[in-house]
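Student: Right, I'll just put the structure down here and ask away after.
Chains as they are written, first to last, in the working numbering: chain H, 159 to 598; chain U, 159 to 598.
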């Protein structure tokens, strides 16, 4: 891994640029391809979806919908008990934390005006579960559990089938555990198009969630810009980790966290900021050693070529670079992490101390692992149950409330040149005054 | 206004389509124009912004930034006391309700794992205040107050200047009241481009808020799809109201609420659903009468041409049509509105009962008036303080917590084929076991 020295007075933005190249989500070729796929799916619906599945996944699905009356689902029940138990631990922790996050209604009642803001479930949501180099049943848990807690009426799950048309049994098991009884065998941009616009088989949803490759991300962006399409969770780029470490940190732990990130995707980024040049060198050595043991060594190696270790003069500088970078995952593997928590302004998820391996949070601590990447942690939240809901306000104004507010609103409406607004208040006020309406 | 009869058994979607034509946000001409403006502003920055302001607003701003050392701001202090008081009432109510909505941190601490999800302010936000047919100081209050409550460090406000380069004094007064000490004299797509990418004078922001015409909306969508751009509040189409009324409703009140909507914009929609054909006719008559008194009669008339009254067999049908339409504003002007509140699944803001004129909420009740339009109420929330913040999770796992979770996470990571994830946990577990690490 490349080691760079950052000196006091150097430009923070410059350092950030070393960590993350400025790239668009998609090239114009990807954009055009996705536009074509969306157009075709809107026109030819199921037929188009099946044909793209044949073309991209090497399997022609006679039936797109795959309900739990199919024997493959029962096979999932025969999964090894250890696996069932592990899924159960993850399920319970995710369920518990997301339940605690369920937003509560807020009500204010005074001067004859009763105001409430309340979250209600999005009725139909679409969950996209990738199945590329690995079957991501953890993504299913992270999406379906908050959707169930939010109270979504219909949860439509799509995932690309294997070449032989099967679906990974652990994914089926996890789906059943979440109460999902039907999956749809489709992936890629064609899945997003089907979810956004609906087909004969796949119901149109109102919001689409889940990670995917650049075609999936581009398709999500395109449908989210169309009022006839669907909203999306967040624009997702390649996964990232930024670790801040000092001389108290163990190089082997840090190397293992960097590699856990790097193995995701050749475009993933793993950044280390440290105040200790010896640690920087030790981590670089450890990475070489541990890399050899990885199943996905080739991917990790590619990803590490774009990753970097920065040696900075002090922790404050590390935090400032991190805030400017706004990492999806931030690991504070330093002797006194508590001291700098208040200064962290931009990060999706923060892992605190030497034992908080990011992998624990990826699977089983409880918080959601769908988090903002590519600097979006400056403005976007990771998922919570509220992502599967929308807030509505309720305003109930009594006759007394109207009389109290009328002079203010009549004047402000007049100042904005909106005489119709003013009139809607004046009419009511006059009626109350002329009829000597009995106020409660 | 056109009156349509909806019979039991008719198609709900058909009725919805009568209320809202399926339109995209922008034509391809608008898209291309906006692309050009964004490209030019990214290249030529201030110079481009000034030139576009000359071109579109008829004024060449020598200085884009307009700070409160300028005498015009002091003039704002001499505003009539009634106006100052009216702004104060609105300010206080908006402040109070949004303070009540400030999201609280949630913490869960058990089994050696301490989890927190906490909202922190977005550091730099951009507020776009239109100045077309009317100076919308109410939009400034609705955007700046929650931004201040959220704790945003920099609040950048842009608004198009008048032809003589001045800014409306009420807008300046409202800005000062919110603690804003500088405005930027720029509007349209060029303002959005400047906020998203920054210029020599206008700071780059991380999220852009505020209503605007189709060029502004298209520019917001385009910058939100670029990782180097900025996030946006929501895609905003023309404003809408849907009123549900029964035989107890007063036709004049309903007509006034429909007209208050219609006067906004020629593309605004005002829909009435009622169970009473006599009321439908009475409202149509009242609209003709009241229309004559409006300052913005021509705009309202155009808008009404696309608006519709639907006579439905029962309230349940009205609610089902409303839910499918998902109005920005829903007014329940019926004898027992409480009975159907739980059935309202999609609406931005609900106004309950005969005295709850939407105009009261537009200015002064307290809840935000920036709400989802064009059916986006199915998936988007209106603004709250959390819109100016983002959630971050904090995960602190102790050595004991790691030992508890390790078997689960090691197995799940292995099943997903991510040996690097597994290794980051195994290394720590082994270290703890081999060193007989003393657990707290």
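By construction, the Cβ of each residue, glycine as well, lies at the ideal position given by its N, Cα and C atoms. This one's a predicted model, so the numbers in the text were calculated from it and none came from an experiment.
Applying the criterion that 16 or more other CB atoms from any shown protein chain within 10 Å of the CB defines a buried residue, is residue 493 of chain U buried or exposed?
Tutor: exposed
Student: Going by CA-CA distance only, name the one from U:211, U:539, U:520 that's closest to residue 251 of chain U.
Tutor: U:520
Student: What does DSSP give as the partner residue(s) for residue 508 of chain U in the beta ladder?
Tutor: DSSP lists H:552, U:488 as partners of residue 508 of chain U.
Student: DSSP three-state call for residue 596 of chain H: helix, strand or coil?
Tutor: If DSSP states are grouped into helix, strand and coil, residue 596 of chain H belongs with coil.
Student: Counting only Cβ-Cβ distances shorter than 9 Å, please list the residues of the stretch 542-553 of chain U near chain H, keeping chain order.
Tutor: Listed by position along the chain: 542, 544, 547, 548, 549, 550, 551, 552, 553.
Student: Using a Cβ-Cβ distance cut-off of 8 Å, determine whether residue 409 of chain U contacts chain H.
Tutor: no
Student: Taking beta-carbon pairs under 7 Å, can you tell me which members of the stretch 358-377 of chain U lie near chain H?
Tutor: 364, 365
Student: If I'm right that residue 512 of chain U touches residue 307 of chain U with Cβ under 8 Å, what's the distance once you round it to whole angstroms?
Tutor: About 32 Å separates the two Cβ atoms, so there is no contact after all.
Student: Just the chain U side, please: which residues come within less than 9 Å of residue 284 of chain H by C-beta, in chain order?
Tutor: Using a Cβ-Cβ cut-off of 9 Å, residue 284 of chain H is close to nothing in chain U; its nearest Cβ partner there is about 11 Å away.
Student: Can you check DSSP and say which residues form a bridge with residue 399 of chain H?
Tutor: For residue 399 of chain H, which the question treats as bridged, DSSP gives the partners H:428, H:487.
Student: Mind listing the chain U neighbours of residue 137 of chain H? Cutoff is C-beta to C-beta under 8 Å, in chain order.
Tutor: There is no way to answer for residue 137 of chain H, as the model of chain H reaches only from 159 to 598.
Student: Does residue 463 of chain H get closer than 8 Å to chain B when you measure Cβ to Cβ?
Tutor: Although the question refers to chain B, the structure presented lacks it and instead comprises the protein chains H and U.
Student: Taking only three categories from DSSP, how would you classify residue 520 of chain H?
Tutor: helix
Student: Distance, Cα to Cα, residue 343 of chain U vs residue 215 of chain U?
Tutor: 10 Å
Student: From residue 168 of chain H to residue 478 of chain H, what distance separates their C-alpha atoms?
Tutor: 12 Å
Student: Looking at the C-beta of residue 525 of chain U, does it have a partner C-beta in chain H at a distance below 8 Å?
Tutor: yes
Student: Does the beta carbon of residue 536 of chain H sit closer than 8 Å to a beta carbon anywhere in chain U?
Tutor: yes
Student: Under the assumption that residue 248 of chain H contacts residue 330 of chain H (Cβ atoms under 8 Å), give the Cβ distance between them as a whole number of angstroms.
Tutor: So it is not a contact: roughly 16 Å between Cβ atoms.
Student: Residue range of the beta strand (DSSP E) that residue 493 of chain U falls in?
Tutor: No beta strand (DSSP E) contains residue 493 of chain U, which DSSP labels as neither H nor E.
Student: Name, in chain order, the residues that DSSP records as bridge partners for residue 284 of chain H.
Tutor: Bridge partners of residue 284 of chain H according to DSSP: H:314, H:366.
Student: Can you tell me whether residue 456 of chain H is buried or exposed, with buried defined as 16 or more other CB within 10 angstroms of its CB?
Tutor: Classification of residue 456 of chain H: exposed, given that the 10 Å Cβ count is below 16.
Student: From residue 439 of chain U to residue 587 of chain H, what does the alpha carbon distance come to, in whole angstroms?
Tutor: 24 Å
Student: Against chain H, which members of the stretch 566-591 of chain U pass a CB distance test of less than 9 Å?
Tutor: 566, 567, 568, 569, 570, 571, 573, 574, 575, 576, 577, 578, 579, 580, 581, 582, 583, 584, 585, 586, 589, 590
Student: So what does residue 272 of chain H bridge to, in DSSP terms?
Tutor: H:267, H:554
Student: In angstroms with no decimal places, state the Cα-to-Cα distance between residue 332 of chain H and residue 304 of chain H.
Tutor: 14 Å
Student: Looking at the ligand PLP, does it come within less than 7 Å of residue 429 of chain H, judged from the CB to the closest heavy atom?
Tutor: Inclusion of the ligand PLP in the displayed structure is not the case, the ligand content being empty and no account of it being possible.
Student: Any residues in the stretch 438-456 of chain U with a beta carbon nearer than 8 Å to a beta carbon of chain H? Which ones, in chain order?
Tutor: 448, 451, 452, 453, 454
Student: So with CB distances below 8 Å, who are the chain H contacts of residue 281 of chain U?
Tutor: 503, 504, 536
Student: What are the residues that DSSP puts in a beta bridge with residue 466 of chain U?
Tutor: U:160, U:429
Student: Within the same chain, show all residues whose beta-carbon is closer than 8 Å to that of residue 445 of chain U, passing over the 5 residues directly before and after it, in chain order.
Tutor: 159, 413, 416, 417, 462
Student: If you measure from the beta carbon of residue 241 of chain H to each beta carbon in chain U, is any gap under 8 Å?
Tutor: yes
Student: Does DSSP classify residue 304 of chain U as helix, strand or coil?
Tutor: helix
Student: Given that a residue counts as buried once 16 or more other Cβ atoms are within 10 Å of its Cβ, and exposed if not, what is residue 282 of chain H?
Tutor: buried
Student: Tell me the residue span of the beta strand (DSSP E) that contains residue 341 of chain H.
Tutor: 340-343
Student: Pick helix, strand or coil for residue 289 of chain U, following the three-state DSSP scheme.
Tutor: strand
Student: For the stretch 543-558 of chain U against the stretch 573-584 of chain U, do three or more pairs of beta-carbon atoms, one drawn from each stretch, fall closer than 8 Å, so that the two count as touching?
Tutor: no
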